[in-house]
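**Student:** Sending over a structure as structure tokens; questions will come in a sec.
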Amino acid sequence: MRIRSVEFSNFRNYKSLKAEFGEGINLLYGDNAQGKTNILEGIYICSTSRSHRRSSDRELILFGEKEAHIRLILEKKNDLHKIDIHYRKDNKKGIAIDGIPVRKASEMFGFLNVVMFAPEDLALVKSGPAERRRFLDREICQTDPFYMDDLMNYNRVLEQRNKLLKDIVRDSSLKDTLDVWDEQLVRYGCRILKVREKYLKETEKTCSEIHSFMTSGEEEIKLSYEKNTNEAEFKENLEKSRERDLYTMTTNRGPHRDDFSITANGIDLRTYGSQGQQRSAAVSLKLSEIGIIKEKTGEMPVLLLDDVFSEMDQRRQEGLLKEISGIQTIITGTGIDEMTRNNAIIGKKFYIKQGTALEEE
Ligand SMILES: Nc1ncnc2c1ncn2[C@@H]1O[C@H](COP(=O)(O)OP(=O)(O)O)[C@@H](O)[C@H]1O
Ligand SMILES: [Mg+2]
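Our numbering applies: residue 33 is where the sequence shown begins, and numbers increase by one.
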């Protein structure tokens with residue numbers, strides 16, 4: 033798929049914007065705080081309904097305005113499609129695809145597929161397990177609606193079980209009802225585990241290929257799923273930890289406590305990676321989604337790269353640019369130099385200054 037154009041009105045620091053993108057690399061360049069990331073953010077929202085910066089809807093409306101609009105034109109299998117997002121200060125946002133209102137965010141999943149790398153994604157390698165679970169869950173949900181159902185059910189059951197653990201303090205007769213929740217937790221949990229493990233295996237294959245390419249074969253990446261409990265023993269482990277659960281008033285066993293390790297040449301990057309290594313591992317992880325989305329949907333996603341070059345050595349930068357050739361990419365940077373130095377072929381370039389985008393020849 034390919035993004036043809038994006039229009040903003042009163043979105044972030046754009047009073048009005050219209051940008052038409054081309055194939056290959058589209059560069060957004062300019063000084064800090066001019067609005068480069070805001071453009072990527074607007075596009076990302078058209079894919080997931082939410083800001084990658086986890087900003088609230090209100091924050092997206094231009095200061096002092098009451099409403100904001102995003103419109104994106106997308107080309108998919110030779111057809112054009114339109115995504116409209118309408119923000120109102122005192123109301124919920126409205127989303128429409130080809131003029132038809134979207135009621136639930138989940139309905140828009142998979143319509144516009146983007147793979148984004150933003151500075152925040154460094155957390156994928158660096159931060160705690162929650163970030164890595166979020167990554168897996170988000171990626172799998174993009175192409176697997178059954179997984180999304182299981183995950184929602186699991187989280188609902190988990191929440192209810194945790195609430196019950198707190199209620200039991202006041203009323204111990206409630207203890208008996210725990211079994212019912214345990215059973216459901218195991219049912220949904222086992223499915224989640226299975227899908228995540230399989231997905232991580234696929235990701236490892238593509239991720240390690242990409243990473244090896246980007247580092248000219250110098251770093252070998254391995255991903256390994258770390259489960260809090262395996263499927264066969266989940267039920268038993270829940271029973272075993274019941275006393276502890278009652279004491280801590282939370283559920284201590286289950287896939288909501290899982291993680292995965294990321295190693296380069298045997299070194300755990302979560303704790304021992306340099307900033308540059310962590311960044312390129314996070315990029316490789318993100319790029320591996322491209323192939324997986326292509327395989328599952330038959331369509332190439334659009335790549336959004338925000339500030340990806342900082343702290344990457346030139347070899348990694350070159351490797352990255354080679355890796356993304358042929359994929360529509362919208363990339364931000366402070367200047368053109370970092371692109372030309374790497375002999376990148378820039379399709380279109382836009383100079384971003386104070387909420388305006390000037391297309392340059
Ligand atoms: N709702 C808003 N209304 C007006 N300006 C905003 C709003 N939200 C963010 N901004 C401004 O957008 C700018 C940051 O844009 P951003 O795209 O992150 O910059 P960069 O070019 O560095 O990527 C800041 O100047 C910030 O004040
Ligand atoms: Mg930025």
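C-beta: ideal position from N, C-alpha, C; glycine also.
Using the Cβ count rule (16 or more neighbours within 10 Å means buried), how would you classify residue 63?
**Tutor:** One-based indexing of the sequence shown puts residue 63 at position 31. Exposed, because fewer than 16 other Cβ atoms sit within 10 Å of the Cβ of residue 63.
**Student:** Applying the criterion that 16 or more other CB atoms from any shown protein chain within 10 Å of the CB defines a buried residue, is residue 65 buried or exposed?
**Tutor:** The residue given as residue 65 occupies position 33 in the sequence shown. Exposed, by the Cβ-count rule.
**Student:** Under a three-way DSSP split, which group does residue 99 fall into?
**Tutor:** Translated into the one-based positions of the sequence shown, residue 99 becomes position 67. Three-state result, residue 99: strand.
**Student:** What ranges does the beta strand (DSSP E) occupy inside the stretch 236-277, keeping only unbroken runs of at least 3 residues that lie completely in it?
**Tutor:** 253-258
**Student:** Just to confirm the assignment: which complete alpha helix (DSSP H) runs, minimum length 4, are found wholly within the stretch 161-198?
**Tutor:** Along the length of the stretch 161-198, whole alpha helix (DSSP H) runs at least 4 residues long occupy 161-175, reported in chain order.
**Student:** Can you tell which of 142, 165, 117 has the C-alpha that lies nearest to the C-alpha of residue 108?
**Tutor:** In the sequence shown, residue 108 corresponds to position 76, counting from 1. Considering only alpha carbons, the answer is 142.
**Student:** Considering only their Cβ atoms, is the gap separating residue 189 from residue 232 smaller than 8 Å?
**Tutor:** Stepping through the sequence shown from its first residue, residue 232 is reached at position 200. Stepping through the sequence shown from its first residue, residue 189 is reached at position 157. No, the pair does not count as a contact, with Cβ atoms beyond the cut-off.
**Student:** Can the beta-carbon of residue 14 be found less than 8 Å from the beta-carbon of residue 130?
**Tutor:** This structure cannot settle anything about residue 14, because the visible part of the chain is limited to 33 through 393.
**Student:** Taking the continuous beta strand (DSSP E) assigned at residue 364, which residues delimit it?
**Tutor:** As a first step, residue 364 is located in the sequence shown; it is residue number 332 there, counting from the start. 361-365 is the span of the beta strand (DSSP E), which, as asked, contains residue 364.
**Student:** How would you label residue 290, buried or exposed, when you count the other beta carbons within 10 angstroms and need 16 or more for buried?
**Tutor:** The residue labelled residue 290 in the question sits at position 258 within the sequence shown. Buried, by the Cβ-count rule.
**Student:** Confirm the yes/no value for this check: CB of residue 145, any heavy atom of ligand 1, distance under 7 Å.
**Tutor:** The count along the sequence shown starts at 1 and reaches residue 145 at position 113. Because no heavy atom of ligand 1 lies under 7 Å away, the Cβ of residue 145 does not count as near it: no.
**Student:** Can you give me the Cβ contacts of residue 133 inside the same chain, cut-off strictly under 8 Å, excluding the 5 residues immediately before and after it?
**Tutor:** One-based indexing of the sequence shown puts residue 133 at position 101. The residues are 126, 127.
**Student:** Suppose the cutoff is 7 Å on Cβ atoms and the five residues either side in sequence are ignored; what does the same chain contact list for residue 316 look like?
**Tutor:** Residue mapping note: residue 316 aligns to position 284 of the sequence shown, counting from 1. Only residues of its own chain outside the window of five on either side were considered, and among them 239, 242, 243, 246, 253 have a CB closer than 7 Å to the CB of residue 316, listed in chain order.
**Student:** Classify residue 343 as helix, strand or coil using the three-state DSSP reduction.
**Tutor:** Taking the first residue of the sequence shown as position 1, residue 343 is located at position 311. Residue 343 falls in the coil class under three-state DSSP.
**Student:** Using a threshold of 8 Å, state whether the C-beta atoms of residue 341 and residue 365 are closer than that.
**Tutor:** Counted from its first residue, the sequence shown places residue 341 at position 309. Counted from its first residue, the sequence shown places residue 365 at position 333. Cβ distance < 8 Å, so residue 341 and residue 365 count as in contact.
**Student:** Counting only runs that start and end within the stretch 87-149, where is the alpha helix (DSSP H) found for 4 or more residues in a row?
**Tutor:** 137-140
**Student:** Can you find a heavy atom of ligand 1 that lies under 7 Å from the Cβ of residue 58?
**Tutor:** Position 26 of the sequence shown, counted from the start, is the residue given in the question as residue 58. Taking 7 Å as the cut-off, one finds no heavy atom of ligand 1 near enough to the beta carbon of residue 58.
**Student:** Nearest by alpha-carbon distance to residue 93: which of 122, 104, 105 is it?
**Tutor:** In the sequence shown, counting from the first residue as 1, residue 93 sits at position 61. Considering only alpha carbons, the answer is 122.
**Student:** Alpha carbon to alpha carbon, what distance is there between residue 76 and residue 378?
**Tutor:** If you number the sequence shown from 1, residue 378 lands on position 346. If you number the sequence shown from 1, residue 76 lands on position 44. Taken atom to atom, the span from the alpha-carbon of residue 378 to that of residue 76 is near 21 Å.
**Student:** Just the residues with CB closer than 5 Å to a heavy atom of ligand 1, in chain order, which are they?
**Tutor:** 44, 45, 64, 65, 66, 67, 68, 69, 70, 94, 95
**Student:** Look at residue 387 and residue 45 and say whether their C-beta atoms are less than 8 Å apart.
**Tutor:** Position 355 of the sequence shown, counted from the first residue, corresponds to residue 387. Position 13 of the sequence shown, counted from the first residue, corresponds to residue 45. In this structure, residue 45 lies closer than 8 Å to residue 387 by Cβ.
**Student:** In the DSSP output, which residue or residues are listed as bridge partners for residue 388?
**Tutor:** Against the sequence shown, residue 388 aligns to sequence position 356. According to DSSP, residue 388 bridges with 385.
**Student:** Indicate the three-state DSSP secondary structure (helix, strand or coil) for residue 70 in the structure shown.
**Tutor:** Counting from 1 along the sequence shown, the entry for residue 70 is found at position 38. In this structure, residue 70 counts as helix in the three-state DSSP scheme.
**Student:** In terms of alpha-carbon separation, which member of 350, 351, 47, 339 lies closest to residue 150?
**Tutor:** As a working note, residue 150 is residue 118 in the sequence shown. Comparing Cα positions, the closest option is 339.
**Student:** Taking only the alpha-carbon atoms, compute the straight-line gap between residue 51 and residue 384 and give it to the nearest angstrom.
**Tutor:** Reading the sequence shown from its first residue, position 19 is the one you call residue 51. Reading the sequence shown from its first residue, position 352 is the one you call residue 384. So the two alpha carbons sit approximately 11 Å from each other.
**Student:** Less than 8 Å separating the beta-carbons of residue 260 and residue 276?
**Tutor:** Stepping through the sequence shown from its first residue, residue 260 is reached at position 228. Stepping through the sequence shown from its first residue, residue 276 is reached at position 244. With contacts defined as CB atoms closer than 8 Å, residue 260 and residue 276 fail to qualify as a contacting pair.
**Student:** Give a yes or no on contact between the stretch 312-328 and the stretch 258-273, applying the rule of three or more CB pairs nearer than 8 Å.
**Tutor:** no
**Student:** State yes or no: is the C-beta of residue 282 within less than 8 Å of the C-beta of residue 194?
**Tutor:** For this step, residue 282 is matched to residue 250 along the sequence shown. For this step, residue 194 is matched to residue 162 along the sequence shown. Yes, they are a contact pair.
**Student:** Just how far apart, CA to CA, sit residue 161 and residue 392?
**Tutor:** Mapped onto the sequence shown, residue 161 falls at position 129. Mapped onto the sequence shown, residue 392 falls at position 360. Spanning the alpha carbons of residue 161 and residue 392 requires a straight line of approximately 43 Å.
**Student:** Please work out which residues of its chain come closer than 8 Å, Cβ to Cβ, to residue 351, disregarding the five sequence neighbours upstream and downstream, and give them in chain order.
**Tutor:** Indexing the sequence shown from 1 puts residue 351 at position 319. Within the same chain, Cβ atoms closer than 8 Å to the Cβ of residue 351 are found at 245, 246, 247, 248, the five residues on either side in sequence being excluded.
**Student:** Drop a sphere of 10 angstroms on the beta-carbon of residue 371, count the other beta-carbons inside from all chains shown, and report buried for 16 or more, exposed for fewer.
**Tutor:** Locating residue 371 in the sequence shown gives position 339, where the first residue counts as 1. Residue 371 is buried by the Cβ-count criterion.
**Student:** Alpha carbon to alpha carbon, what distance is there between residue 368 and residue 106?
**Tutor:** Locating residue 106 in the sequence shown gives position 74, counting from the first residue. Locating residue 368 in the sequence shown gives position 336, counting from the first residue. Those two C-alpha atoms are separated by around 27 Å.
**Student:** Quick check on residue 335: buried or exposed, where buried means 16 or more other Cβ atoms within 10 Å of its Cβ?
**Tutor:** Taking the first residue of the sequence shown as 1, we reach residue 335 at position 303. Buried, since its Cβ has 16 or more Cβ neighbours within 10 Å.
**Student:** When the Cα atoms are used, what is the spatial distance from residue 176 to residue 326?
**Tutor:** The sequence position of residue 176 within the sequence shown is 144, counting from 1. The sequence position of residue 326 within the sequence shown is 294, counting from 1. Roughly 14 Å separates the two Cα atoms.
**Student:** Use the C-beta contact count for residue 310: other C-beta atoms within 10 angstroms, 16 or more gives buried, fewer gives exposed.
**Tutor:** In the sequence shown, counting from the first residue as 1, residue 310 sits at position 278. Answer is buried; the Cβ neighbour count reaches 16.
**Student:** Within the present structure, is the beta-carbon of residue 338 separated from the nearest heavy atom of ligand 2 by less than 7 Å?
**Tutor:** What you label residue 338 is simply residue 306 of the sequence shown in a count that begins at 1. Yes, the Cβ of residue 338 comes within 7 Å of a heavy atom of ligand 2.
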